[in-house]
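First to last, the sequence lines map onto chains L and C. Following full-length UniProt numbering, the residues of the first sequence are numbered contiguously, the last one being 294. Following full-length UniProt numbering, the residues of the second sequence are numbered contiguously, the last one being 257. Backbone N, C-alpha and C define an ideal beta-carbon position, used for all residues, glycine too.
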Amino acid sequence: MSTMLEVRGLAHRYGAGPDAHVAVEDLAFTVAKDELACIVGPSGCGKSTLLRCIAGLIKPSAGEVSLHGDRVVGVPDDLAVVFQDYSRSLFPWLSVRGNVEFPLRTRVGSRAERRARAQEALGWVGLSDAANKYPWQLSGGMQQRVSIARALATRPALLLMDEPFASVDAQTRADLEDLLLRVRRDHGSTVLLVTHDIDESVYLGDRVLVLSKSPASIVADLKVDLPADRDQISTRGSSTFVELRTEIARLLHDRQPAPAEPAPAAASASSSDELAAERFLAAEREEAHQKTAT
Amino acid sequence: MRPVYRNLIGLAGFFLIWEGVGRVGLVDPTSLPPPSEVAGTLVGLLGQESFIRDVIATMLAWLIALGISIAVAVPAGLLLGSLPWLRSSTRVLIEFLRPIPPVALIPLIILTIGSGPDAKITLAFYASVWPILFNIIYALDDIDPLLLDTARSFGNSRARVLATVALPHVAPFAYTGLRLSAAIALIVTVSTEYLAGSQIGVGAFIIDEYIAIGGMDEVLAGTVVIGFVGYLVNEGLERAGNRMFRWSDTTRAEALT
């Protein structure tokens with residue numbers, strides 16, 4: 001398999017001097033063509049900074065990013081990003097079709113061709129009938145499907161997704177996860193997906209890269225040994241899945257820096273790693289739950 | 001009941017009270033003639049060529065002033081909104097000019113420009129340029145950075161992002177500014193005709209009628225015409241805006257009420 005994305009010695013700091021905040025430190029990894037790699041890490045660990053560096057939206061302080069062998073300077077042409085906040089990343093003045101055609105304006109000369117490609121991409125996400133609607137007329141899950149269609153319509157060499165399903169309710173989230181797996185299987189896309197949700201990273205990924213707390217560096221690079229056909233119930237119940245997510249939870253937990261203040265009694269009483277991992281998972285689920293509730 | 005009729009209830013009530021206070025003798029009917037009498041005068045006026053010419057003169061001055069305001073405020077707003085150094089270097093000047101009431105400039109204008117149509121156009125422009133200008137500046141400040149990032153992530157240059165994201169984002173705000181400006185420009189046009197002693201225009205008609213014959217019914221009829229024109233303009237702009245900016249939060253919220 002050929003390498004699609006290569007990240008070498010990537011570092012990024014905000015500000016300068018002693019006050020500088022180091023968001024990412026000496027990151028290196030590759031993503032192979034047609035692979036779906038998930039990056040999982042605690043909230044605020046610098047995942048979004050990493051993604052923005054890869055997308056060329058910010059210039060990293062050090063290191064380099066190559067896409068199919070070409071060094072990334074500025075925003076690459078054949079890359080697309082899906083952001084978490086669909087309601088803020090869709091253009092409200094454009095119809096669903098207009099939004100999907102937006103990136104094609106600079107890429108495809110013919111109007112008819114743009115329209116055909118937008119319609120095709122909307123078909124992939126099951127929104128063929130919503131082309132003339134406006135974003136505000138759609139539910140959150142449908143809006144995120146529009147932004148996925150918009151990204152796919154450009155036929156990107158690499159699709160970057162920044163917590164794409166973190167702002168929808170649990171059922172929609174499961175649907176969108178399955179939609180991503182299906183679209184990606186049918187159209188052979190290379191995807192790098194950032195999430196804070198351990199279960200999601202295992203469920204979606206061919207590989208999971210575990211990130212440490214800020215400044216982000218890679219703690220583990222795990223292959224997900226699950227069949228390509230996955231489903232929400234049996235895959236999540238399988239022993240491979242459970243083992244992997246427990247391992248990731250433990251990795252993430254071990255890398256947490258020691259709390260500055262004395263931890264609450266319940267936390268300090270924990271002696272076994274097993275217990276700590278369970279607690280981390282519970283907290284993780286709680287966080288996910290709160291996100292969907294708001 | 002349809003909203004149109006419900007809206008008219010308030011107006012009808014107002015006319016009834018106006019009619020009532022004259023009838024029961026609360027006010028002297030020569031200083032406040034009842035609406036029935038004013039309506040009669042109004043119908044007569046609408047048949048007079050000179051009055052129609054006054055209305056046209058006022059509307060024309062108003063339209064020209066508004067046109068100049070748009071032509072100045074849109075590019076100036078876009079420049080000031082996107083170039084922080086330009087904005088900070090003009091801030092004090094703008095904040096000094098803006099609060100000056102346009103009518104306070106009438107003596108200056110009469111001395112420099114005279115009391116012809118140029119005078120009222122200049123003042124109406126001066127008064128109505130601000131809402132459009134400031135709405136554009138604030139709207140540019142208010143663009144969601146994620147929207148800009150989205151456009152950039154698809155490989156658009158800075159200039160293209162400005163054209164494809166900033167302009168459509170700003171449009172409904174600029175339009176709201178235009179609606180405010182339209183009302184202000186009409187008020188200032190008529191006031192200037194009135195205060196600067198213009199030869200022609202509804203404002204000139206009102207003051208002439210009052211000074212010459214003390215005809216309060218003519219004065220009120222002229223006032224009603226201006227009120228009606230203002231209402232039509234605002235209603236027209238609002239409807240057109242709701243149609244054009246259906247996607248915008250602000251117009252959508254208004255459309256629901």
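Would you check if the distance between the CB atom of residue 141 (chain L) and the CB atom of residue 175 (chain L) is smaller than 9 angstroms?
yes
Our contact map puts residue 56 (chain L) next to residue 75 (chain L) with C-beta atoms below 8 angstroms; I'd like the distance itself, whole angstroms only.
4 angstroms
How about residue 81 (chain L) and residue 193 (chain L): do their beta carbons lie closer than 9 angstroms?
no
Along chain L, in chain order, which residues have C-beta atoms closer than 7 angstroms to that of residue 149 (chain C)?
57
If you draw a straight line from the alpha carbon of residue 28 (chain C) to that of residue 35 (chain C), how long is it in whole angstroms?
14 angstroms
By DSSP, does residue 68 (chain C) sit in helix, in strand, or in coil?
helix
Using only alpha-carbon positions, find the residue among C:157, C:160, C:78 and C:202 that is nearest to residue 50 (chain C).
C:202
Can you check whether the C-beta of residue 154 (chain L) is within less than 9 angstroms of a C-beta belonging to chain C?
Answer yes: the Cβ-Cβ gap between residue 154 (chain L) and chain C drops below 9 angstroms somewhere.
From the beta carbon of residue 106 (chain L), is the nearest beta carbon of chain C less than 9 angstroms away?
yes
Buried or exposed: which applies to residue 3 (chain C), given that a residue is buried once 16 or more other Cβ atoms fall within 10 Å of its Cβ?
exposed
Answer yes or no: does any C-beta atom of chain C fall closer than 9 angstroms to that of residue 29 (chain L)?
no
Verify the CB distance criterion: does residue 85 (chain L) have a CB-CB separation below 9 angstroms to chain C?
At a cut-off of 9 angstroms between beta carbons, residue 85 (chain L) contacts chain C.
Select from L:124, L:212, L:132 and L:92 the residue whose C-alpha is nearest the C-alpha of residue 155 (chain L).
Here the closest residue by C-alpha is L:124.
Taking 8 angstroms as the cut-off, does the stretch 154-162 of chain C touch the stretch 99-107 of chain C (at least 3 CB pairs, one atom from each stretch)?
no
Would residue 171 (chain C) pass as an interface residue toward chain L - the criterion being a Cβ-Cβ separation below 9 angstroms?
yes
So, with DSSP's three-state summary, where would you put residue 218 (chain L)?
strand
Check the DSSP bridge columns for residue 159 (chain L) and list the partner residues they point to.
L:80 and L:191
Is residue 120 (chain C) helix, strand or coil when you go by DSSP?
helix
Does residue 149 (chain C) come out as helix, strand or coil in the three-state DSSP assignment?
In this structure, residue 149 (chain C) counts as helix in the three-state DSSP scheme.
Assess, as a yes-or-no matter, whether the stretch 226-246 of chain C is touched by the stretch 169-178 of chain C under the definition of 3 or more beta carbon pairs within less than 8 angstroms.
yes
Can you tell me where the alpha helix (DSSP H) holding residue 196 (chain L) begins and where it ends?
That residue, residue 196 (chain L), is in no alpha helix (DSSP H); it is neither H nor E in DSSP.
Could you spell out the range, first to last residue, of the beta strand (DSSP E) harbouring residue 11 (chain L)?
3-14
Contact list for residue 77 (chain L) against chain C, beta-carbon separation under 7 angstroms
155
If you measure beta-carbon to beta-carbon, which residues of the stretch 126-149 of chain L are closer than 9 angstroms to chain C?
Of all residues in the stretch 126-149 of chain L, 134, 135, 136 and 147 have a Cβ within less than 9 angstroms of some Cβ in chain C.
At least one CB of chain L closer than 9 angstroms to the CB of residue 164 (chain C): is that the case?
yes
Within the same chain, show all residues whose beta-carbon is closer than 8 angstroms to that of residue 46 (chain L), passing over the 5 residues directly before and after it, in chain order.
12, 23, 24, 211, 214, 215 and 216
Can you check whether the CB of residue 152 (chain L) is closer than 9 angstroms to the CB of residue 189 (chain L)?
The answer is yes: Cβ separation under 9 angstroms.
Can residue 35 (chain L) and residue 185 (chain L) be called in contact, C-beta distance under 9 angstroms?
no
Between residue 18 (chain C) and the ligand FMN, is there a pair consisting of the residue's CB and a ligand heavy atom that are separated by less than 8 angstroms?
Summarising the ligand content, the structure contains no ligands, and the ligand FMN is consequently not present.
For residue 61 (chain L), which of helix, strand or coil comes out of DSSP?
coil
Which term fits residue 128 (chain L), buried or exposed, when burial requires 16 or more other beta carbons within 10 angstroms of its beta carbon?
Under this definition residue 128 (chain L) is an exposed residue.
Rounded to whole angstroms, what is the Cα-Cα separation between residue 122 (chain C) and residue 67 (chain C)?
12 angstroms
Do residue 181 (chain L) and residue 219 (chain L) have their beta-carbon atoms positioned less than 9 angstroms apart in this structure?
For residue 219 (chain L) and residue 181 (chain L), no; Cβs fall outside 9 angstroms.
Just the C-alpha distance for residue 249 (chain C) and residue 95 (chain L), rounded to the nearest angstrom, thanks.
15 angstroms
Could one say the Cβ of residue 227 (chain L) lies closer than 9 angstroms to chain C's Cβ atoms, at least one of them?
no
Where do the ends of the alpha helix (DSSP H) carrying residue 22 (chain L) lie?
Element bounds for residue 22 (chain L): not the alpha helix (DSSP H) but the beta strand (DSSP E), 21-32.
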